[in-house]
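Quick note on the working numbering: the sequence shown kicks off at 1364 and runs consecutively. Backbone N, C-alpha and C define an ideal beta-carbon position, used for all residues, glycine too. Report on the structure given below.
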Amino acid sequence: MVGWLQKIWYGGREYRWLLPLSGLYWVLLVLRRALYRTGIFSRRRVAAPVVIVGNITVGGTGKTPVTIWLAQELARRGFHPGIVSRGYGGSQSSSSMRVDAASDPVLVGDEPVLMAKRTACAVVVDADRARGAAKLVNDGADVILADDGLQHYRLQRDYEICVVDGVRGLGNRQLLPAGPLRETMDRLRSIDQMLVNGALEEDTDVQTVIEQNAIRFDLQATEVCRLNGSLTRPIDRFAGKTVHAVAAIGNPGRFFDSLRAHGMQPIEHAFPDHAHLRPRDLDFGDEFDILMTEKDAVKVMQAMPDNVWYVPVDLSMDSALSAAWLEQMVSRLKNESRFS
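This is the structure:
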């Protein structure tokens, strides 16, 4: 279903027959925002500044790597960031739950486990992100990062970051379900900082909207890690090889393309976003190496053969631009009286 819709959103297929449903979505969207703006729906402010990391499109744009990088950068500057997430793909939603690297992704979701593993920061999952943020503050966090929280208006925010895929852009620029947009394009004008994942293609529709307020970043892979144990190899060691490429993420094509860029010949195996992988999902009946994303690796709880690997990625951004931006953002957050 999602693959079929993506061909409409990004592949130029006819979408006008879906516009009546998009019109209904727009009415509900405007009504919901009005209810929050007028105070009929309550908003909650917690006792620490809140930074939102999100997007206005469905699917993967790189929000989680941005959240990980931002948490690491704030920690280096002496802050104690806490991360709140919805925990998509997990079954826990009725209360706030702390997450660590050993948490069960079936219960709390794959992205929170990955963020806990990579940052060593306090991570909480809660369908009510405002409640989860309050728990983090009570536990000692002095700044809150809300992963994928752009549309969660119940949580008051002090700074908004929107992540955009530089290749796919905003697709056909239509609201769901005719297009990939969660909100209309004018929402981008209220964003504090745009981050673009990869090169912003000349013909992408998003360029004119964001190019004056955007910083580009790339997700770089330099090594491949064996799922069982601690063995790592330079990713270039796999150049020229045929490999099984497994991805249960929002934009699996980006992962497959990255393997090709490193000289591999991937046999593609795309699963629904947040799908929990089972041993039989990785049984391809041959001896080719199996490569998956790090987000998928945290979901594989059973012992795996030695030919199963995952590919961690790190965010790379121009150091001068990132330093200036972080200084500006931190200065603004420090002006908040709630920042101790």
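Contact under 8 Å by Cβ, residue i with residue j
i     : j     : result
R1589 : W1672 : yes
N1560 : G1374 : no
V1674 : I1598 : yes
S1709 : F1580 : No information on residue 1709 is available, as it lies outside the stretch 1364 to 1703 that the chain covers here.
E1474 : K1662 : no
V1587 : L1654 : yes
N1614 : D1511 : no
P1412 : L1594 : no
A1493 : L1518 : yes
First and last residue of the uninterrupted alpha helix (DSSP H) at residue i
i     : result
M1655 : Careful: M1655 lies outside any alpha helix (DSSP H), inside the beta strand (DSSP E) at I1653 to T1656.
Q1435 : K1426 to R1439
N1501 : R1492 to N1501
Simplified DSSP state of residue i, which is helix, strand or coil
i     : result
M1692 : helix
L1582 : strand
A1686 : helix
D1677 : strand
A1352 : Here the chain covers residues 1364 to 1703 and nothing more, so residue 1352 does not appear.
S1448 : strand
V1661 : coil
W1462 : Before going further, note that residue 1462 is Val rather than Trp in the sequence given. It is a strand residue.
S1703 : Unreliable positioning characterises S1703 in this predicted model, as indicated by a pLDDT of 49, which lies under 50. The coordinate reading is nonetheless provided below. It is coil, neither helix nor strand.
A1485 : strand
R1531 : coil
L1563 : coil
L1368 : helix
R1407 : strand
Per DSSP, cross-strand counterpart(s) of residue i
i     : result
A1577 : M1557
C1525 : G1417 and M1557
D1510 : V1416
C1588 : T1595 and Y1673
Q1628 : T1605
Residue i at chain D interface by Cβ criterion, 8 Å
i     : result
L1533 : Absent from the structure: chain D. Only one protein chain is present.
Minimum C-alpha distance to residue i - residue among the options
i     : options                       : result
L1558 : V1429, R1408, G1423 and Y1399 : V1429
P1543 : L1398, R1396, D1549 and L1533 : L1533
C1525 : D1681, G1417 and D1652        : G1417
T1482 : P1444, H1625 and A1490        : P1444
I1403 : A1410, W1432 and R1395        : R1395
L1582 : I1431, V1486 and A1464        : I1431
I1612 : A1434, A1638, D1491 and L1398 : A1638
Where the beta strand (DSSP E) through residue i begins and ends
i     : result
D1597 : The residue you asked about is not Asp; residue 1597 is Pro in the sequence shown. Per DSSP, P1597 belongs to the beta strand (DSSP E) from T1595 to P1597.
A1608 : T1605 to A1610
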